[in-house]
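>
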Amino acid sequence: MRMLVLGGTGFLGAPLVGHLRRAGHEVAVFHRGRDCKDPEGHFHGDRRELLAFAPAFARFNPEVVIDTIAGSAIAAQRTMAAVRGQNRRVVFVSSMDVYRAWGVFHGTEAGTPAPGLLREDSPLREHSGLYPAAVLAGLRRRHAWMAEGYDKLGMERAAAAAARGGWYGRITILRLPPMYGPGDQQRRLYPLWRRMQDGRPAVLLERGWAAWRTARGFVGNMAAGVALAASDPRAGGRIFNLADGGNYCQLAWAQLAAEAAGWRGRIVTTPPALTPPHLHVAANTAQSCAADSSSIRRELGFVPPVTLAQALRTTLAWARANPLSLDFEAEYIAEDAALRACGLAAGVMS
Numbered sequence: 049m050r051m052l053v054l055g056g057t058g059f060l061g062a063p064l065v066g067h068l069r070r071a072g073h074e075v076a077v078f079h080r081g082r083d084c085k086d087p088e089g090h091f092h093g094d095r096r097e098l099l100a101f102a103p104a105f106a107r108f109n110p111e112v113v114i115d116t117i118a119g120s121a122i123a124a125q126r127t128m129a130a131v132r133g134q135n136r137r138v139v140f141v142s143s144m145d146v147y148r149a150w151g152v153f154h155g156t157e158a159g160t161p162a163p164g165l166l167r168e169d170s171p172l173r174e175h176s177g178l179y180p181a182a183v184l185a186g187l188r189r190r191h192a193w194m195a196e197g198y199d200k201l202g203m204e205r206a207a208a209a210a211a212r213g214g215w216y217g218r219i220t221i222l223r224l225p226p227m228y229g230p231g232d233q234q235r236r237l238y239p240l241w242r243r244m245q246d247g248r249p250a251v252l253l254e255r256g257w258a259a260w261r262t263a264r265g266f267v268g269n270m271a272a273g274v275a276l277a278a279s280d281p282r283a284g285g286r287i288f289n290l291a292d293g294g295n296y297c298q299l300a301w302a303q304l305a306a307e308a309a310g311w312r313g314r315i316v317t318t319p320p321a322l323t324p325p326h327l328h329v330a331a332n333t334a335q336s337c338a339a340d341s342s343s344i345r346r347e348l349g350f351v352p353p354v355t356l357a358q359a360l361r362t363t364l365a366w367a368r369a370n371p372l373s374l375d376f377e378a379e380y381i382a383e384d385a386a387l388r389a390c391g392l393a394a395g396v397m398s
């Protein structure tokens, strides 16, 4: 199949393009970069000027368009206008943060925490804003595609409106969880592994945070799932959760990270009163964000190709090969004080 990937060189896009090409698809990539080995298969530009590429896209004539970086309603509308064509399918990569549970977790949605797993028909957020301005500013520095804002809920609404019109049955939405793996600019596992690498005797987790559960996705597995949905016409007109499975709490996740790193220290849960300020989590951790991703497995046959153990080892190898030069000394001093307050030994493991 001929496939056009918008944003096919980043964290998710690069492994996605690899999956598609290994499966024998003819793939073209739209991205901002200039340095590429295969200029024939690349369109270079800013997605805010996507409509200017409509004639070039029409000449390539993709059967499926995969938008990995649409982050707002206007971005989704622009994509659909630029690739409009008969019987053409569009796959949008969305996020599980569209669910109301994520708004309750972040404190932007009213109401009490709801139990159970997040499914495709779970309530969505009522409010478009999810992250504080300072958090969004940091994300924009890492991700150029967020320049127009970040509102996956608005993106999905725009796609749904199109699906009720001329795009009926030809739009797929994939809701992904927080991802980890090689190339993760948010370095979600780095604080844990840095402490283990520095020989800390213990890793501290605030009690509520330690119990908090969420879905996760190794980037290689998420790329495989997106590739599967793009190549299977049964995904047309559908919304799927896509995740590794497991829904580990933060404590169990830290234990798995420690096992991958070969670290033999202790993971200590602390009450809020004894938790250092930098480890406080400003969120409603009573709201679980665990998700059910069984639909895509059952209906499309998705099986994550990379095991959890291998995913963590691969991520750790990348993290070690791409270290950050951050100073954690002040945090370690505060953590040592917290350990002593808990009646535990502080310092560095011998």
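Under this note's numbering, think of the first position of the sequence shown as 49, with each following residue one higher. Note that beta-carbon positions come from the ideal geometry of N, C-alpha and C, so glycine has one too. Keep in mind the model is a prediction, meaning the values are calculated, not measured.
1) Check for me: the alpha helix (DSSP H) holding E30 runs from which residue to which?
2) Would you kindly check if the distance between the Cβ of P226 and the Cβ of D292 is under 7 angstroms?
3) With a 10 Å radius around its C-beta and 16 neighbouring C-beta atoms as the bar for buried, classify T323 as buried or exposed.
4) For my contact list, A124 and A62 are in at a C-beta cut-off of 8 angstroms; report their separation, rounded to the angstrom.
5) If D199 and A129 are in contact, beta carbons under 8 angstroms, what's the gap, nearest whole angstrom?
6) Suppose you measure from the CA of L99 to the CA of R126; what does that come to, to the nearest Å?
7) Do you know offhand how far E383's Cα is from A71's?
8) DSSP on T116, reduced to helix/strand/coil?
9) Inspect the beta-carbon positions of V251 and A302 and report whether they are closer than 7 angstroms.
10) Within 10 Å of its beta-carbon, does R148 have 16 or more other beta-carbons around it, so buried, or fewer, so exposed?
11) For F105, which residues from the same chain have a beta carbon less than 7 angstroms from its beta carbon, with the 5 sequence-adjacent residues on both sides left out?
12) Would you call the CB atoms of E204 and V146 closer than 7 angstroms?
13) So what's F288 in DSSP terms, helix, strand or just coil?
14) Nearest by alpha-carbon distance to A259: which of A300, A330, D232 is it?
15) Alpha carbon to alpha carbon, how far is L372 from R312?
16) At the level of alpha carbons, what is the spacing between N109 and P319?
17) Residue range of the alpha helix (DSSP H) that R108 falls in?
18) Quick check on DSSP: helix, strand or coil for G202?
19) Where R243 and A365 are concerned, what is the direct C-alpha to C-alpha distance, given to the nearest angstrom?
20) Let's test the definition: count the other Cβ atoms within 10 Å of the Cβ of G58 and tell me whether it reaches 16, buried, or not, exposed.
21) What is the residue span of the beta strand (DSSP E) that R314 lies within?
22) Kindly list the residues whose CB is nearer than 8 angstroms to the CB of L166, restricted to its own chain and excluding five residues on each side of it in sequence; keep chain order.
23) Go through its chain and collect everything with a Cβ distance to G217's Cβ below 8 angstroms, but skip five positions before and after it.
24) Which runs of the beta strand (DSSP E) spanning at least 3 residues fall entirely within the stretch 201-269, listed in chain order?
25) Hey, quick one: how far does the alpha helix (DSSP H) through M51 stretch, first residue to last?
26) What's the gap between the Cα of A162 and the Cα of A272?
27) Could you tell me the boundaries of the beta strand (DSSP E) in which R137 lies?
28) Buried or exposed, going by whether 16 or more other CB atoms sit within 10 Å of the CB of I117?
29) Tell me the rounded alpha-carbon separation between G151 and R80.
30) Just grab the DSSP bridge partners of V75 for me.
To lay it out plainly:
1) No statement about residue 30 is possible, as the shown extent of the chain runs from 49 to 398 and does not include it.
2) Going by C-beta atoms, D292 is not nearer than 7 angstroms to P226.
3) buried
4) Rounded, the Cβ-Cβ distance is 22 angstroms, inconsistent with contact.
5) Not quite, the Cβ-Cβ distance comes to about 18 angstroms (not below 8 angstroms), so this is no contact.
6) Linking L99 to R126 through their CA atoms gives a straight-line distance of about 7 angstroms.
7) Their Cα atoms are separated by approximately 49 angstroms.
8) coil
9) Yes, the Cβ-Cβ distance between V251 and A302 is below 7 angstroms.
10) buried
11) Sequence-distant partners of F105 (beyond 5 residues in either direction) whose C-beta falls short of 7 angstroms from its own C-beta, in its chain, are L52, A130, V131.
12) yes
13) strand
14) A300
15) 23 angstroms
16) The straight-line gap from Cα to Cα measures roughly 58 angstroms.
17) In the sequence as displayed, the identity of residue 108 is Phe instead of Arg. Element bounds for F108: 102-108.
18) Under the three-state reduction of DSSP, G202 is assigned to helix.
19) 16 angstroms
20) buried
21) 314-318
22) M144, Y147, A149, A263, N289, C337, A338, A339, D340
23) A211, G284, G285
24) 219-224, 250-254
25) Here M51 belongs to no alpha helix (DSSP H); instead the beta strand (DSSP E) covers 50-54.
26) Going by the C-alpha atoms only, they are around 31 angstroms apart.
27) Unbroken beta strand (DSSP E) run through R137: 137-143.
28) buried
29) 32 angstroms
30) M51
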